[in-house]
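Worksheet for the structure shown next.
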């Protein structure tokens with residue numbers, strides 16, 4: 491079984507792309523719109539993960555079975571993101587909606603406690 495020899499230039503280019511994406515991640519943290527910032531950060535993170543998986547983990551040059559399992563991992567990650575996002579979006583705006591107000595006790599003229 492022959493292995494593909496990847497030139498070092500490819501690794502340097504991928505490393506440069508990862509550094510550029512890192513700078514974009516830092517810039518995305520300064521976006522005032524929280525939904526846009528989160529979307530940008532997740533998109534950049536997925537792009538970085540793809541570059542690492544394809545080139546540094548050699549999935550790009552592997553067999554079809556390896557690619558299927560790598561894609562399955564990404565599918566599972568997408569499912570987990572979907573579940574987490576759906577849970578987060580259905581939480582509502584009032585976090586302490588179901589709490590009861592504290593009960594204070596008072597005393598009457600004979601010293602007995604009144605609710």
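In my numbering, the protein residues as written are 491 to 605.
Backbone N, C-alpha and C define an ideal beta-carbon position, used for all residues, glycine too.
Taking the alpha-carbon of residue i as reference, which of the options has the nearest alpha-carbon?
{"i": "residue 504", "options": "564, 556, 550, 569", "result": "550"}
{"i": "residue 533", "options": "519, 494, 545", "result": "519"}
{"i": "residue 510", "options": "564, 541, 524, 568", "result": "541"}
{"i": "residue 578", "options": "525, 514, 498, 496", "result": "525"}
{"i": "residue 568", "options": "536, 497, 581", "result": "536"}
{"i": "residue 575", "options": "562, 528, 557", "result": "528"}
I'd like the span of the alpha helix (DSSP H) that includes residue i, first residue to last.
{"i": "residue 549", "result": "It is not in any alpha helix (DSSP H) - residue 549 carries neither H nor E in the DSSP assignment."}
{"i": "residue 497", "result": "Note, residue 497: premise wrong, no alpha helix (DSSP H); not H, not E."}
{"i": "residue 563", "result": "554-579"}
{"i": "residue 539", "result": "524-541"}
Please classify residue i as buried or exposed, where buried requires at least 16 neighbouring CB atoms within 10 angstroms.
{"i": "residue 545", "result": "buried"}
Throw me the rounded Cβ distance for the residue i and residue j pair, which I believe falls under 8 Å.
{"i": "residue 538", "j": "residue 565", "result": "Contact doesn't hold; Cβ gap of about 18 Å is too wide."}
{"i": "residue 543", "j": "residue 560", "result": "6 Å"}
Measuring from the CB of residue i, is there a heavy atom of the ligand NAP at a distance below 7 Å?
{"i": "residue 505", "result": "With respect to the ligand NAP, the structure offers nothing, as it holds no ligand at all."}
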